[in-house]
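Everything below concerns the one structure shown next.
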Amino acid sequence: MARTERLKQDEFARRRRQLMRIMGKDCIAIVPGAPVRHRNSDVEYPYRQDSDFFYLSGFGEPESVAVLVPGRPHGEYILFVRDRDPLRETWDGRRAGPAGVVERFGADDAFPITDIDEILPGLMENREKVYYAMGTHPEFDQRVVGWLNALRTQARHGKHPPQEMIALDHVLHDMRLYKSRGELQMMRTAAEIAAAAHVRAMRHTRPGGTEYGIVAELLHEFRRHNADTSYEPIVGGGANSCILHYRENDQPLVDGDLLLVDAGCEVGCYASDITRTWPVNGRFSPAQREIYDIVLDAQLAAIAQVYPGNHWNAPHDAAVEVVTRGLVRAGLLKGKVPALIKDGAYRKFFMHRTGHWLGMDVHDVGDYKVGDEWRVLEPGMVMTVEPGIYIPAGMKGVPKRYANIGIRIEDDVAVTRDGCEVLTHGVPKAADEIEALMAAASVA
Ligand code: GLY
Ligand code: MN
Ligand code: MN
1198 MARTERLKQD
1208 EFARRRRQLM
1218 RIMGKDCIAI
1228 VPGAPVRHRN
1238 SDVEYPYRQD
1248 SDFFYLSGFG
1258 EPESVAVLVP
1268 GRPHGEYILF
1278 VRDRDPLRET
1288 WDGRRAGPAG
1298 VVERFGADDA
1308 FPITDIDEIL
1318 PGLMENREKV
1328 YYAMGTHPEF
1338 DQRVVGWLNA
1348 LRTQARHGKH
1358 PPQEMIALDH
1368 VLHDMRLYKS
1378 RGELQMMRTA
1388 AEIAAAAHVR
1398 AMRHTRPGGT
1408 EYGIVAELLH
1418 EFRRHNADTS
1428 YEPIVGGGAN
1438 SCILHYREND
1448 QPLVDGDLLL
1458 VDAGCEVGCY
1468 ASDITRTWPV
1478 NGRFSPAQRE
1488 IYDIVLDAQL
1498 AAIAQVYPGN
1508 HWNAPHDAAV
1518 EVVTRGLVRA
1528 GLLKGKVPAL
1538 IKDGAYRKFF
1548 MHRTGHWLGM
1558 DVHDVGDYKV
1568 GDEWRVLEPG
1578 MVMTVEPGIY
1588 IPAGMKGVPK
1598 RYANIGIRIE
1608 DDVAVTRDGC
1618 EVLTHGVPKA
1628 ADEIEALMAA
1638 ASVA
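Remember, my numbering sits 1197 above the position in the sequence shown when you count from 1.
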């Protein structure tokens, strides 16, 4: 596995060209990078570039702004970035600087970020429309409004301010929904590393271990491949497996309980998102296995619905049907399957959707509906498929053997030309395979 994967500069240039084609000549697009966020006093959260900014620039430094000015004679792609500064670079790390981003990141023109107030209004002047994602970075919104207002007050001196503001995110997010060959390769890598992390976590699970010990195994596998988490791992044993976004990860692992692990990583700003559920002691109890197999059947039925031409909701419909049938068979729901589906009776045990788009963000951008209709799946779209059943102790009318069984099985699935590709196939999900893997680990 090569672990220094990056998209080629050509790909970022192609995206900028595509966006400029969509915008047309009399427009300007302004795309700020993510702000630095403080954890406390002068300690910062790890910096993660804004996905839209990175999608267009491939540039990871903070305090950056990308500007696209189609048809501008001195260059259409302008970056504002931190200036070089030997003292600051000694303390905080290297900076590309304006010359560096022209040389290495394909900018036609670049300026120190400290000059943006002087330069940007001039770039906006005489452009009819501004493409900008209002509301994403509120502090930056104020500055854009300030530049626009300044141009308006100068209108009587013959300056021509832009007349229209267009939601850049809408255009860009539709582009981001379709993953290129290069992006799919990045996502395969993120999926492969996360799958290896889950296998490692399975091998290290035993009664007397801890949820945070499992977090450590996941992070070990991510970091040794130079990947970051794409969200905080969810590692819930027993009753905690029934909390969808369980965060504490601080409890001991108990013999006879299930362990639900939802953890994915990020490679070059592309995410994976995997959930597996396995028995702490390496053997599913009959009741655990019964529920497990319903979720697995639902997940396989949902994946079978991922193909071009089908609609976004078809995998969810398939999962709901299998889960409802299974719950009736187990005696946990009573009634006729079609009526139980229609009434949403399954939601007592399966209360989330079957998936979401996946890409640079773990809950990726892109509309799920076009008008009133579910979106039709097309090659290059990537989604998660993650049905679950959750039975916390104390549910009325539920036999004790099912108490605290929380199961979710989640894979990352790309729509291909003739069906789909499961990117996260590297981690087993059949109950027998999981038991075999864990049995082999405990002998070793
Ligand atoms: N890890 C969040 C999710 O599965 O959607
Ligand atoms: Mn997910
Ligand atoms: Mn997940």
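Yeah, the Cβ is synthetic: ideal placement off N, Cα and C, and Gly gets one too.
Computed from a prediction, not measured in an experiment: that's the story for all the values here.
In chain order, the residues with a C-beta atom nearer than 7 Å to some heavy atom of ligand 1 are Y1428, I1431, D1459, G1461, D1470, T1472, H1553, V1559, H1560, T1581, E1583, E1607.
Distances from the alpha-carbon of D1494 to those of V1595, G1230, T1386, R1522 put R1522 closest. Note on the region 1398-1435: whole beta strand (DSSP E) runs with a minimum of 3 residues are 1431-1434, in chain order. DSSP lists K1326 as the beta-bridge partner residues of E1361. For the alpha helix (DSSP H) assignment, the uninterrupted runs of no fewer than 4 residues enclosed by the region 1473-1553 are, from N- to C-terminal side, 1483-1500, 1511-1526, 1534-1540. Inter-segment contact for the region 1464-1484 and the region 1590-1609 is present: three or more beta-carbon pairs are separated by less than 8 Å. M1578 is not bridged by DSSP to any residue. N1446 sits in coil when the DSSP states are folded into three classes, being neither helix nor strand. Here the alpha carbon of D1425 sits roughly 39 Å from the alpha carbon of K1597. Counting along the chain, F1251 sits inside no beta strand (DSSP E); it lies in the alpha helix (DSSP H) bounded by residues 1248-1254. With a threshold of 16 other beta carbon atoms within 10 Å, L1284 falls short and is exposed. Under the Cβ criterion (8 Å, minimum of three pairs), the region 1217-1224 does not count as touching the region 1331-1341.
Note on geometry: alpha-carbon atoms of P1535 and T1613 lie some 31 Å from one another. Taking C-beta atoms as the reference points, D1371 and G1577 fail to come closer than 8 Å. Using a Cβ distance threshold of 8 Å, G1556 and R1373 count as a contacting pair. Contact between the region 1497-1510 and the region 1479-1489 is absent, with fewer than three C-beta pairs closer than 8 Å. Secondary structure of E1260 (DSSP, three-state): coil. The DSSP assignment places complete alpha helix (DSSP H) segments of no fewer than 4 residues inside the region 1279-1317 at 1283-1289, 1294-1301, in order along the chain. Taking all protein chains shown into account, Q1206 has fewer than 16 neighbouring C-beta atoms within 10 Å of its C-beta and is therefore exposed. Here E1414 is not near G1433, since their CB atoms are 8 Å or more apart. Residues H1553, W1554 of the same chain have their beta carbon placed closer than 8 Å to that of H1560, with the five preceding and five following residues left out of the count. Counting only the Cα atoms, G1594 lies some 15 Å from Y1587. Secondary structure at Y1375: coil, using DSSP grouped into helix, strand and coil. Looking at F1209, C1617, D1569, the one whose alpha-carbon comes closest to that of L1369 is F1209.
Each residue's CA atom was taken as its position, placing P1259 and A1590 some 47 Å apart. The closest CA to that of C1439, considering only N1423, V1458, E1429, H1422, is found on V1458. Nearest in C-alpha terms to T1581, of all of A1628, G1603, Q1502, D1629, is Q1502.
Out of R1234, R1236, S1248, V1228, the CA that lies nearest to the CA of F1277 is found in V1228. When the Cα atoms are used, R1213 and E1300 turn out to be separated by approximately 17 Å.
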